[in-house]
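Student: Residue 4 is where the sequence shown starts when you use the working numbering, and the numbers rise one by one after that.
Have a look at the structure that comes next, please.
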Amino acid sequence: MNTQGGIAILGSTGSIGRSTLAVIALHPERFRVAVLGAFSSWQIVVEQARRFHPDTVVLAEPEAAARARAALRECGSTARVECGAEALAAAVTGANVQMVMAAIVGAAGLLPTLAAVRAAKRVLLANKEALVMAGRLLMDEVCSAGAEVIPIDSEHNAIFQCMPAGYLPGDAAPGVTRVILTASGGPFRCTDVTQLGSVTPAQACAHPKWKMGRKISVDSATLMNKGLEVIEATLLFDLPETRVDVVVHPQSVVHSMVEYADGSLLAQLGAPDMRTPIAQALAWPERIVSGVQSLNLTQIGKLEFEPPDHARFPSLGLARAAARAGGTSPAMLNAANEVAVQAFLDRRLNFTGIVAVIDKVLQRLESSPARSLGDVLDADAAARRLAVALIELGAGAFA
Ligand code: NAD
Ligand code: MG
């Protein structure tokens, strides 16, 4: 039982954060919320704090933190309300925190995730961008601090569940020859490629199987999400990119698979609902109720698998190239993607421009070794600057 320490939920107002609180609410005797962290949605955080009684609430935005402080004081809450990235990083290292749900979206999640790792917490990792950026550096910190990383991303959590007993991410697993990530194919799997340039943010965010935040929804539509997940898998399971396969599986019922040397292929199946991997990680190595309905296999009828369409979705190839190049390449890929996705959501860039911007950034900037966090942050900043400039230059820059 995990009753000794509390849980810090970074990104508590987001899709993963809210699903985490939904699972915790089913087990009040087992879990205690110690920290809630979010960007600016202070009303939601105040509501969450009134229900879950955290020790600390941290908002990135000063105005939002001030409003949350006033609102919580008014209702007699004893939660400390703090503000900013440093306060969040400090809050996760406290003795009152045993597990950290790293569910901030994007590069902003790197520093608090790193702080949690260095403080040897159990880190439930949803924030794949942090891992893609910092790569080996983050996994080396996991090893040297004696932290535990349990993957939340449904594919990586599925792989973790199919690994040999006692296995923990960071190490190579004995007897494992390959992992196979499944991809739904996103909302544009069958869309005429000539139409992709004119799809809207609303269409891109309407994922056929999963309800997620806007950034990861767009990543799923370009298939860059799967590209980031290939890199994530190489790091978590210590495998070369060539041993991380991707298959499109439109039903999104098989969440991923692990192949063993004897030819066995182990899969984890379940409804496409993030409360399953969240509950698995919160209770590991035990099992608890998640609130997710059981699968009705006869209703699903058939499970289909097909190869990804690289011509339609060139992002997967870009991510694999970045994984092979190593060094600062994954950080640059991730940074350019974050900038381009935001520009698409703001309607400053069309859908096919996202991958075009990333491609240009990776062609123009040279990869270098990532020896320190400074190297990673410099590469991230350079890629962001170039991506912003390319988008400002407009469509002509992508020819
Ligand atoms: P979301 O947009 O719904 O939520 C993001 C959360 O991060 C919000 O609580 C927001 O307030 C917080 N946040 C953003 N910037 C911040 C900052 N600078 N400081 C503090 N907090 C900040 O996103 P999501 O869909 O919940 O995804 C979160 C992460 O989990 C992403 O990395 C995503 O790739 C990963 N993930 C999500 C899903 C899913 O089903 N939603 C599945 C797998 C992996
Ligand atoms: Mg995933």
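Note that beta-carbon positions come from the ideal geometry of N, C-alpha and C, so glycine has one too.
#1: Give me, in chain order, the residues of the same chain whose beta-carbon lies closer than 6 Å to that of residue 382; leave out the 5 immediate sequence neighbours on both sides.
#2: Skipping 5 residues on each side, what residues in its chain have a beta carbon closer than 8 Å to that of residue 121?
#3: Look up residue 59 in the DSSP assignment and say whether it is helix, strand or coil.
#4: Just to confirm, does residue 132 get its C-beta within under 7 Å of one of the non-hydrogen atoms of the ligand MG?
#5: Quick check for students: name the residue ranges of the beta strand (DSSP E) that lie wholly in the segment 219-249, counting only runs of 3 or more.
#6: Are the beta-carbon atoms of residue 37 and residue 68 separated by less than 8 Å?
#7: Kindly indicate which residue of 57, 170, 45 and 221 has the alpha-carbon position closest to the one of residue 8.
#8: Measuring only from the beta carbon, is residue 213 closer than 7 Å to any heavy atom that is part of the ligand PLP?
#9: If distances are taken between C-alpha atoms only, which option among 355, 163 and 258 comes closest to residue 288?
#10: Quick one: any contact between the segment 154-163 and the segment 226-243, if contact means 3 or more CB pairs under 8 Å?
#11: If you draw a straight line from the C-alpha of residue 110 to the C-alpha of residue 191, how long is it?
#12: Going by Cα to Cα distance, which pick from 379, 146 and 338 is closest to residue 388?
#13: Work out the CA separation of residue 106 and residue 158 for me, nearest whole Å.
#14: State the CB to CB distance for the pair residue 297 and residue 253, rounded to an integer number of angstroms; the pair is presumed to be in contact (CB under 8 Å).
#15: Using the three-state DSSP reduction, which class does residue 203 fall into: helix, strand or coil?
#16: On a Cα-Cα basis, can you pick out the residue from 28, 256, 316 and 299 that is closest to residue 308?
#17: Cα-Cα, which of 91, 242, 79 and 160 is closest to residue 176?
#18: Identify, in the order they occur along the chain, each residue of the same chain with its Cβ nearer than 7 Å to the Cβ of residue 80, setting aside the five sequence neighbours on each side.
#19: Hey, out of 173, 301 and 135, whose CA is closest to residue 227's CA?
#20: Contact defined as beta carbons within less than 8 Å: I believe residue 49 pairs with residue 75. What is the distance between those atoms, to the nearest angstrom?
#21: Where does residue 208 land, buried or exposed, given buried means 16+ other C-beta within 10 angstroms?
#22: What does the shell around the ligand MG hold, if a residue joins when its beta-carbon is under 7 Å from any heavy atom?
#23: Using only the alpha-carbon positions, how far apart do residue 62 and residue 269 sit?
#24: Is it the case that the CB of residue 218 approaches a heavy atom of the ligand NAD more closely than 7 Å?
#25: Roughly how many whole angstroms lie between the Cα atoms of residue 83 and residue 73?
#26: For residue 222, count neighbouring Cβ atoms within 10 angstroms of its own Cβ and tell me buried if that reaches 16, exposed if not.
#27: Let's test the definition: count the other Cβ atoms within 10 Å of the Cβ of residue 172 and tell me whether it reaches 16, buried, or not, exposed.
#28: From this set, 85, 129 and 89, which residue's C-alpha is nearest residue 103's C-alpha?
#29: Kindly list the residues whose CB is nearer than 7 Å to the CB of residue 90, restricted to its own chain and excluding five residues on each side of it in sequence; keep chain order.
#30: Can you name the start and end residues of the alpha helix (DSSP H) that residue 140 belongs to?
#31: What are the start and end residues of each continuous alpha helix (DSSP H) run of 4 or more residues lying completely inside the segment 304-381, in chain order?
#32: Alpha carbon to alpha carbon, how far is residue 140 from residue 133?
#33: Between the Cα of residue 26 and those of 275, 286, 258 and 114, spot the shortest distance and give me the residue it belongs to.
#34: Within 10 Å of its beta-carbon, does residue 138 have 16 or more other beta-carbons around it, so buried, or fewer, so exposed?
#35: Decide if residue 220 is buried, meaning its Cβ has at least 16 other Cβ atoms within 10 Å, or exposed.
#36: Compute the minimum distance between the beta carbon of residue 16 and the heavy atoms of the ligand NAD, and state whether it is under 7 Å.
Tutor: The structure says:
#1: 331, 334 and 335
#2: Excluding positions up to five away in sequence, the list reads 96, 144, 148 and 150.
#3: strand
#4: No.
#5: none
#6: no
#7: When each option's Cα is compared against that of residue 8, the closest is 57.
#8: With respect to the ligand PLP, the structure shown offers nothing to examine, as its ligands consist of the ligand NAD and the ligand MG.
#9: 163
#10: yes
#11: The straight-line gap from Cα to Cα measures roughly 26 Å.
#12: Comparing Cα-Cα distances from residue 388 to each of 379, 146 and 338, the minimum goes to 338.
#13: 16 Å
#14: That belief does not hold up - the Cβ atoms of residue 297 and residue 253 are roughly 21 Å apart, past 8 Å.
#15: coil
#16: 256
#17: 242
#18: 52 and 53
#19: 135
#20: Rounded to the nearest angstrom, the Cβ distance from residue 49 to residue 75 is 6 Å, consistent with a contact under 8 Å.
#21: buried
#22: 156, 157, 158, 228 and 232
#23: Taking the CA atoms as reference points, residue 62 sits about 41 Å from residue 269.
#24: Checking every heavy atom of the ligand NAD against the Cβ of residue 218, one is found closer than 7 Å.
#25: 11 Å
#26: buried
#27: Under this definition residue 172 is a buried residue.
#28: 129
#29: Beyond the five residues adjoining it in sequence on each side, residue 90 comes within less than 7 Å, by CB distance, of 61 in the same chain, given in chain order.
#30: 131-148
#31: 318-328, 332-348 and 354-367
#32: 11 Å
#33: For residue 26, the nearest C-alpha among the options comes from 286.
#34: buried
#35: It counts as buried.
#36: yes
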